[in-house]
Structures are given as C-alpha cells and as structure tokens.
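Read through the structure below, which is laid out as structure tokens, and then see the notes.
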Amino acid sequence: MPRDFKLPDLGEGIHEAQVIRVLIQTGQTVKEDQPLMEVETDKAAVEIPSPFGGTVTAVNVKEGQTIHVGDVIVSFDESGGATSASAAAASPAAPAASVPARSAPEPASGSAPAPAPMTAKPAAPDSGTDGRTKTAAAPAVRKAAREMGINLDTVKGTGPGGRVTREDLEAHVASRTAAAASPAPAAPASVGGGMKPVAAPAAAAPVAPAVSMVAPMPSAPPPGTPGQDAWGATRVAPLSQIRKAIARQMAKSAFTIPHVTHGDEADITELERLRKELSAAGGVKLTLMPFLVKAVCVALRKFPVLNSSFDEEAGAAVYKEYINMGIAVDTDRGLVVPNIRNADRLTLTGIADALATMANKARANQFSIDDLRGGTFTITNVGPMGGTFATPIINHPEVGILGLGRSRRVPVFGENDVVKAATVLPVFLSFDHRATDGVTAARFVREIVAYLEKPQLLLLY
C-alpha cells in the first residue's frame, strides 16, 4: 500500500529545517523507527525516524534542501516492504551467486534479494565502500571527514557509543601523517591506502595529540559558490539553519535590550586550593565551572530580578522560581546554549556531572531541542580563547549573562602590605537596564565574587 511520510512538527514553533544527510535510497527496505535523514533546525541537528516499515519508492528531498513541516519527504510501499523483508528471510543463499560480481571486496554478507540490490541494511556496519557509512558521527564531523578525504569507517570513535568526534579525525590524520613521514625504503609506488601497511612498524603511529588538527584544513577550499565583485574573487555561502537562528536572536537581543556591562575581579587563589583538595579527596575532577555555577545560583536567589524576563507588552517582570543555568558552548555547528535544569538544587558534584554530560554532547553535536530551551540565566567563558574582557550579548528573553575572562597570576598586597601572588579571575555581567539598575547589578556581581573568594561558604547550600 503506497504511503507518504510528511515532515512532522518538530516543536518549539519550528516550521522548517535543512536536510544535512539522507540516510536511505529508493528501493531500500526500512524498518519502523529507522533513521531516514538528518536535518538541522535553528535549534539542533536531529534525526527523522521512519514512522512505519516498508520499501522506499521515492526520496523527495536532497541534501542541502530546506524543507517545511507538512512537505512529503519520503514515499513508501508498505506491502512491498513486508514482502521484500520476508523474501530476504526466506532465501538467504539463492541470490548470493549474483552479488559477488558486483561487489568483490565485500565479505560473504551479500544476501540481499535480487529485486532490491541497494537494500544493504544488514551489511551497513561493514566497510561502507559505497560511501554511505553507518559510523555514528555528527553532520559537521562527516563534512570535515569528506574535506579531509577520510572514510569514517576507518576511524575509531571515542565519543558516546563509539561516535566519531572531531578529535578522532585529528588523531587519525596525525597517525596517518606520522606513518607517511616515517622512512619506507620499499614499495615507493604505494599510494593512498598504502600509508598504513607499507613498511611502517607499529611504533611509527603514536597516539598523536590534536596538534595537527589544522594540518589538513588549508587544502579545503572555502565554502560557497564562486563569484566575483569589483575587487576580486568571492564565495557566497548560504547560512546554516543554526547560524540564521543565532543571527536573528543576536539582532533581537542587541536592538531590543538596552545592554550595560559591569566588570569586576575575583581572587580565586583559595578556590583553586580547595578545588584541588576536593578533587583529590572525592575522586571527582572539579573544575572552576561547578563552583561558579553554584555561586551564581546562590546569588540569583538573593537577587531574583536577574533570574527574570522582561515582558515588553505587559510592562512587567516575570520572576522565575526555578533556575535553569544556560552554558554557552562553542560547537562545530556554531554557538549553542544548553542549560542545566534546576541547577540550584544540585550539589557541586551534581553540577560537575551535568557539565560533563554537556561537554560530551557538545563534542558529538548531540544536543536535543529540549536541551536548548527553558534557560533563565547564562554563563559564557571567553577565558580559554585568551580573552580578558568581553561585552556578551544577553540571550533574550533573559535579562543577564555573566562572562568569565582568562585567570592570571598577579602580585597583590596582603596584610601589612606584604606582596603575594594571587590568581585573579575577571568577571563581567551584561544586564538589561530595563529590568534593573547598575547598583543592583554591581551588588549581584560582588555577591558572586564573595563566594568565589570564600568558596567554603558554598558548601552551606
């Protein structure tokens, strides 16, 4: 029975998405809940599963296409799917004689039925010689692999569930480069795949750090369609869905909210000592961020206006009785702000666990739409990139965002004017001047600084 599958409602008022990768082909038999394609919305990259099983009679979309809710994306023949599936089960050996001529390198797994030779679902985890790999990886990682000329099936994934990450690609390239650079007196005619086996002992492929991550990138051309302006060559690249969303959100925030940024510094020398002591005693690696999230949560309870949103139409402040702490995360696809739900109810180790889960999802680009909504306040850290100060843009409809700079060791005056070394962390708050005033914002920042400078107090909450 013919049946069409339309793009379902993706939630959050999302009406369109961009097709990142099509996972099925015409003539292929699919099962219920099998992923059909990966699409990118302005919130996250998600897989679209099949709502029923059958044989694909038409794939109505292509990669890079923008599709809308209600568009027919795949057509099925449900009865065909049932018969072809049963036929495959009933005749495991009969078609085997005709398959090897088409795919000599494949091991003896070619038991697909003759009418649909493309239905290689059982053999999907194998070598992927047709370019359609089933290795788990985010769309951005797949794109990078194509640009680097890497078959993902040859890369060992270290992400959740064996998922291949950008770091895995870099390590793969590094080991391949090391093998190619090692002396190989024999077999000079070896090309391409010969890099691995030819006269290269195991010692020639150390677990290389991600230092060489930039090495393959210069060979990749800039994205977009070539063009020309009055001054020279150009390339025009359409924005991804998430980049469009970031552009809309930032423009709305910048032109709607009267931003003011207040900066201060915290002496985190004692915090660093306590952090290392607790990490050693508890067996849980604690970074600075769990302490900061906890300090901000405690301060928000004392200054609830910073945990509110401003309702322009009603002329009212909407105070949130929950704290969902947004953490700005830089991914291959762009900036996203997942949040820790009810962060104020978590212990330091609970926050550390939530941050670790967030980091794993960021590496694998596995954030769901639900991860990215409902935040009440945001923290952004520019320190790892080397910045000491910034003026972050508020994530509308929130009314505040706290930024962190790069901590540094500086000489400070202690008791009796004795000069000592201290670790100082710059902190800066952008706030909505419609919701609160500079004095309140300054006191809020001082409250955070006080907890960072005397972190033992956080153990009371």
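Numbering (numbering that gives the first Met the number 0), first residue to last: 0 to 460. Using N, Cα and C, we set each Cβ at its ideal position, and we do this for glycine too.
Report task. Determine the direct distance from the alpha carbon of Gly-161 to that of Pro-99, and round the result to whole angstroms. Result -> Against the sequence shown, residue 99 aligns to sequence position 100. Against the sequence shown, residue 161 aligns to sequence position 162. In this prediction, Pro-99 scores a pLDDT of 40, lower than 50, which makes its location untrustworthy; the coordinate-derived value is nonetheless stated afterwards. So the two alpha carbons sit approximately 30 Å from each other.
Query - Euclidean distance between Cα positions of Ala-43 and Ile-241 - result: Along the sequence shown, one-based indexing puts residue 43 at 44. Along the sequence shown, one-based indexing puts residue 241 at 242. Roughly 7 Å between the two C-alpha positions.
Query - For Ala-115, three-class secondary structure by DSSP - result: One-based indexing of the sequence shown puts residue 115 at position 116. Residue confidence for Ala-115 is low, a pLDDT of 40 falling below 50, so the modelled location carries little weight; the figure read from the coordinates is stated next. Here Ala-115 sits in coil by DSSP.
Query raised in the report: Tell me, which residues are paired with Gly-231 by DSSP?
Result: Counting from 1 along the sequence shown, the entry for residue 231 is found at position 232. Bridge partners of Gly-231: Asp-228.
**Report entry** Of the residues Leu-345, Ile-378, Thr-348, the one placed nearest Val-335, counting alpha carbons only
**Finding:** Working through the sequence shown from its first residue, we reach residue 335 at position 336. Minimum Cα distance to Val-335 is reached at Ile-378.
**Report entry** Val-58 vs Thr-25 beta-carbon contact at 8 Å
**Finding:** Numbered from 1 along the sequence shown, position 59 holds the residue referred to as residue 58. Numbered from 1 along the sequence shown, position 26 holds the residue referred to as residue 25. A Cβ-Cβ contact shorter than 8 Å links Val-58 with Thr-25.
Query - For His-67, three-class secondary structure by DSSP - result: Stepping through the sequence shown from its first residue, residue 67 is reached at position 68. Of the three classes helix, strand and coil, the one that applies to His-67 here is strand, per DSSP.
Report task. Could you tell me the distance, in whole angstroms, from the CA atom of Ala-512 to the CA atom of Gly-281? Result -> Lying outside 0 to 460, the shown extent of the chain, residue 512 is not represented and no answer is given.
Query raised in the report: Which value, in whole angstroms, describes the spacing of the CA atoms of Gly-226 and Thr-233?
Result: What you label residue 226 is simply residue 227 of the sequence shown in a count that begins at 1. What you label residue 233 is simply residue 234 of the sequence shown in a count that begins at 1. One C-alpha to the other measures close to 5 Å.
Report task. Assign Val-292 to one of three DSSP states: helix, strand, or coil. Result -> Your numbering for residue 292 matches position 293 in the sequence shown. Residue state, collapsed to three classes: helix.
Query - Distance between beta carbons of Ala-363 and Gly-158, contact taken as under 8 Å - result: Indexing the sequence shown from 1 puts residue 158 at position 159. Indexing the sequence shown from 1 puts residue 363 at position 364. The C-beta distance from Gly-158 to Ala-363 rounds to 4 Å, short enough to meet the 8 Å contact threshold.
Report task. Rank Gly-385, Val-426, Arg-408 by C-alpha distance to the C-alpha of Val-418 and give the top, closest one. Result -> In the sequence shown, the residue the question calls residue 418 occupies position 419. Measuring C-alpha to C-alpha distances from Val-418 to each of Gly-385, Val-426, Arg-408 identifies Arg-408 as the nearest.
Query raised in the report: Which residues in the same chain as Ala-400 place their Cβ atom closer than 7 Å to its Cβ, once the five residues preceding and following it in sequence are excluded?
Result: Within the sequence shown, residue 400 is the residue found at index 401, counting from 1. Checking the displayed sequence, the identity of residue 400 turns out to be Ile instead of Ala. Excluding sequence neighbours, Ile-400 sits near Thr-377, Thr-379, Pro-391, Ile-393, Asn-394, Ser-429.
Query raised in the report: Thinking C-beta only, is Lys-5 closer than 8 Å to Gly-69?
Result: On the sequence shown, residue 69 is found 70 positions in, with the first residue counted as 1. On the sequence shown, residue 5 is found 6 positions in, with the first residue counted as 1. Their beta carbons are under 8 Å apart, which means Gly-69 touches Lys-5 by this criterion.
Query raised in the report: Would a C-beta distance cut-off of 8 Å place Gly-402 and Val-381 closer than the cut-off?
Result: Working through the sequence shown from its first residue, we reach residue 402 at position 403. Working through the sequence shown from its first residue, we reach residue 381 at position 382. Yes.
Report task. State the start and end residues of the unbroken alpha helix (DSSP H) segment that holds Ala-467. Result -> The question about residue 467 has no answer here: the residues shown for the chain are numbered 0 through 460.
Report task. Provide the residue(s) that pair with Lys-419 in DSSP beta bridges, ordered along the chain. Result -> On the sequence shown, position 420 is the one that residue 419 refers to. Lys-419 is bridged to Val-411.
Requested in this report: Check whether the region 298-306 touches the region 317-325, taking contact to mean three or more Cβ pairs, one atom from each stretch, closer than 8 Å.
Outcome: Touching, per the Cβ criterion.
Query raised in the report: What are the partner residues of Met-324, as DSSP defines its beta bridges?
Result: Position 325 of the sequence shown, counted from the start, is the residue given in the question as residue 324. Looking at the DSSP assignment, Met-324 forms a beta bridge with Ile-339, Phe-376.
Query raised in the report: So who's on the other strand from Phe-430, going by DSSP bridges?
Result: In the sequence shown, residue 430 corresponds to position 431, counting from 1. Val-259, Gly-399, per the DSSP bridge assignment.
Query - Proximal residues to Gln-248 (C-beta, below 8 Å), its chain only, five neighbours per side dropped - result: Along the sequence shown, one-based indexing puts residue 248 at 249. Setting aside the 5 residues that flank it on each side, Gln-248 is surrounded in the same chain by Asn-394, His-395, each with a C-beta closer than 8 Å to its C-beta; the list follows chain order.
Query - Residue closest to Gly-314, alpha-carbon to alpha-carbon, out of Ala-434, Asp-41, Leu-9 - result: Position 315 of the sequence shown, counted from the first residue, corresponds to residue 314. A check of alpha carbon separations from Gly-314 across Ala-434, Asp-41, Leu-9 identifies Ala-434 as the nearest.
Query raised in the report: Between the Cα of Lys-453 and the Cα atoms of Asp-152, Ser-78, Glu-269, Ser-308, which residue gives the shortest distance?
Result: Locating residue 453 in the sequence shown gives position 454, counting from the first residue. It is Glu-269.
Query - Buried versus exposed, by CB contacts within 10 Å (16 or more), Val-292 - result: Position 293 of the sequence shown, counted from the first residue, corresponds to residue 292. Buried: at least 16 other Cβ atoms inside 10 Å.
Query raised in the report: Can you tell me the Cα-Cα spacing of Ile-350 and Arg-2, whole angstroms?
Result: Indexing the sequence shown from 1 puts residue 350 at position 351. Indexing the sequence shown from 1 puts residue 2 at position 3. Whole-angstrom Cα-Cα distance: 47 Å.
Report task. Measure the C-alpha to C-alpha separation of Leu-9 and Pro-337 and round it to an integer number of angstroms. Result -> As a working note, residue 9 is residue 10 in the sequence shown. As a working note, residue 337 is residue 338 in the sequence shown. Roughly 18 Å between the two C-alpha positions.
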